[in-house]
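Residue numbers (mature numbering (1 follows the signal peptide of the UniProt record, and there is no 0)): -23 to -1, 1 to 200.
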């Protein structure tokens, strides 16, 4: 993966970090130490194997976490399948046929269920996978704070109104997610080089992005 793509993956992580909810302020790196101490190592081993087989999967796994967090918070709702009464985020125009990595998340979940039944949430799996996939392809690692609760609701019609548009300017981003300018800058940085379905920066911002990628801090934790 090119250096530009690696940096973009890390910037995508930073974008996810700005959508924390008040309910997630008490998360901990040691959340599973007593109930499933091998959880992080299981996830890391599986991710390493997946990315060894398909290096491009790293960015896809990062994007999956991003699309989860930006809609209803980091609650794993992007993983839910549609039912007779609920058309889920998977079926949204911006997600259907575009997101991938679901099978890998399912495989990790099954292994964790064998080791620690009913303990590790899917939302936490997504967070760990995003971090480990980034590190595997040479990106910067970061502490992942755990203890998220899986959401039971997922609605396709919330996706388009929640995810940043590729044409959004700073003012529109603030209005969309009540973000500050630092968060907006991080979000814009993530757009370049990830996927055509996410979008790209305006042409006039190319020089700014080049400078930004060398200066944006990468030690922000996902909570």
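From the three backbone atoms N, C-alpha and C, an ideal C-beta is built for every residue, glycine too. Since the structure is predicted, the reported quantities are computational estimates derived from the model, not experimental observations.
query                                                                                                    : result
Residue range of the unbroken alpha helix (DSSP H) whose run includes residue 43                         : 34 to 49
Residue 99, DSSP secondary structure in three states                                                     : helix
Contact between the stretch 129 to 136 and the stretch 62 to 69 (3+ Cβ pairs under 8 Å)                  : yes
Buried or exposed by the 16-neighbour rule on C-beta atoms within 10 Å, applied to residue 170           : Unreliable positioning characterises residue 170 in this predicted model, as indicated by a pLDDT of 34, which lies under 50. A coordinate reading is not provided.
Inter-residue spacing [alpha-carbon to alpha-carbon] between residue 116 and residue 94                  : 31 Å
The stretch 87 to 102 / the stretch 6 to 20 touching (three or more Cβ pairs under 8 Å)                  : yes
Residue of 99, 9 and 135 minimising C-alpha distance to residue 82                                       : 99
Neighbourhood of residue 77 by C-beta, 8 Å cutoff - its chain only, sequence neighbours within 5 removed : 34, 37 and 41
N-terminal and C-terminal residue of the alpha helix (DSSP H) that residue 28 is part of                 : 16 to 30
For residue 89, the first and last residue of its enclosing alpha helix (DSSP H)                         : 79 to 92
Check whether residue 7 and residue 96 have beta carbons under 8 Å apart                                 : no
Continuous alpha helix (DSSP H) stretch holding residue 5: start and end                                 : Careful: residue 5 lies outside any alpha helix (DSSP H) and carries neither H nor E.
CB of residue 125 within 8 Å of CB of residue 52, strictly                                               : yes
Residue of 31, 10 and 140 minimising C-alpha distance to residue 114                                     : 31
Cβ distance (whole Å) where residue 105 is taken to contact residue 20 below 8 Å                         : 4 Å
Proximity below 8 Å, CB of residue 57 to CB of residue 136                                               : no
Residue 137 - containing alpha helix (DSSP H), residue span                                              : 136 to 139
Where residue 114 falls: helix, strand or coil (DSSP)                                                    : coil
Local Cβ density within 10 Å of residue 23, reported as buried at 16 or more and exposed below that      : buried
Exposure of residue 26, with buried meaning 16 or more beta-carbon neighbours within 10 Å                : exposed
Three-state secondary structure (DSSP) of residue 56                                                     : helix
Counterpart residues of residue 123 in DSSP-defined beta bridges                                         : 5
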